[in-house]
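Below: the structure, in C-alpha cells.
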Amino acid sequence: MTAAATIRAYYDAFNAGDMDRFLALLTDDVAHDINQGARQTGKEAFAKFMDHMNRCYREELTDMVVMVNEDGTRGAAEFIVNGTYLATDEGLPEANGQTYRLPAGAFFEIRDGKVARISNYYSLPDWIAQVGG
C-alpha cells in the first residue's frame, strides 16, 4: 500500500468508527503526538486514547487533502473536523452536545505500509470558543 493509500485508509477507518481496522494500520511501536500534549508510544496506548476520545467526542473528518514525499516514508493531511462534544473531558468546558467545525492537520511517518508516527495539530482555543468555554 502506498503512503497516500495508508493515510487515506487510516482516516476512512476513523470516519467509519472501525477501531479494529484503524488500529491495524498502526505499527506496534507507533508514536502519537497529541495536539498540545505529550507523545504516547505503542498501539496499546493509542487504543486507550481512542477509547477516551470516542467516549467524549463524535467526529467526522471531511475536505481531506493528503500529501506525501517522494519515497513514501512521510506524509501530511489537512482536513476539517466536524464534531459533537458528547461527554466532558477533564480540564475542558462542560459537554452538552455542542457541535464544532475545526480545521486541523497531521504529519505522518510511514513504515512498511503502516503508520509509525502521527502528530496532530489544531487550535485548542478555537475549539474551546466553539463549545462555549
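The numbers in the sequence shown follow full-length UniProt numbering, run straight up by one, and end at 133.
Yeah, the Cβ is synthetic: ideal placement off N, Cα and C, and Gly gets one too.
Treat the numbers as computed from the prediction; the structure is a model and nothing was measured.
In whole angstroms, what is the alpha-carbon distance linking residue i and residue j?
i	j	result
Trp127	Cys56	14 Å
Leu124	His52	17 Å
Asn54	Asn96	15 Å
Gly132	Glu59	18 Å
Met1	Gly113	6 Å
Glu109	Lys43	15 Å
Asn69	Val115	14 Å
Residue range of the beta strand (DSSP E) that residue i falls in?
i	result
Met67	57–68
Asp33	26–33
Gln40	39–41
Gly91	Run containing Gly91: none; DSSP gives neither H nor E here.
Ala95	That residue, Ala95, is in no beta strand (DSSP E); it is neither H nor E in DSSP.
Thr84	74–85
Whose C-alpha, out of the options, is nearest the C-alpha of residue i?
i	options	result
Gln98	Asp12, Phe107, Ala87	Ala87
Ala104	Gln130, Asn35, Gly91	Asn35
Arg117	Gly37, Ala31, Phe46, Asn69	Ala31
Asn120	Leu102, Gly113, Gln130	Leu102
Val81	Tyr122, Lys48, Val115	Tyr122
Phe49	Val68, Met19, Ala129	Met19
Thr84	Glu94, Gly75, Ala77, Ala76	Glu94
Thr5	Lys43, Arg74, Phe46	According to the sequence as given, residue 5 is Ala; it is not Thr. It is Arg74 whose Cα lies nearest to the Cα of Ala5.
Phe107	Phe22, Asp28, Asp33	Asp33
Leu23	Phe79, Ala45, Gln130, Gly72	Ala45
Tell me where the alpha helix (DSSP H) around residue i begins and ends.
i	result
Pro125	124–130
Asp12	3–16
Any beta carbon from chain C within less than 7 Å of residue i's own beta carbon?
i	result
Ala9	Of the protein chains in the structure, only one exists, and it is not chain C.
Q) Three or more C-beta pairs closer than 8 Å, one from the segment 10–26 and one from the segment 54–69: is that the case here? A) yes
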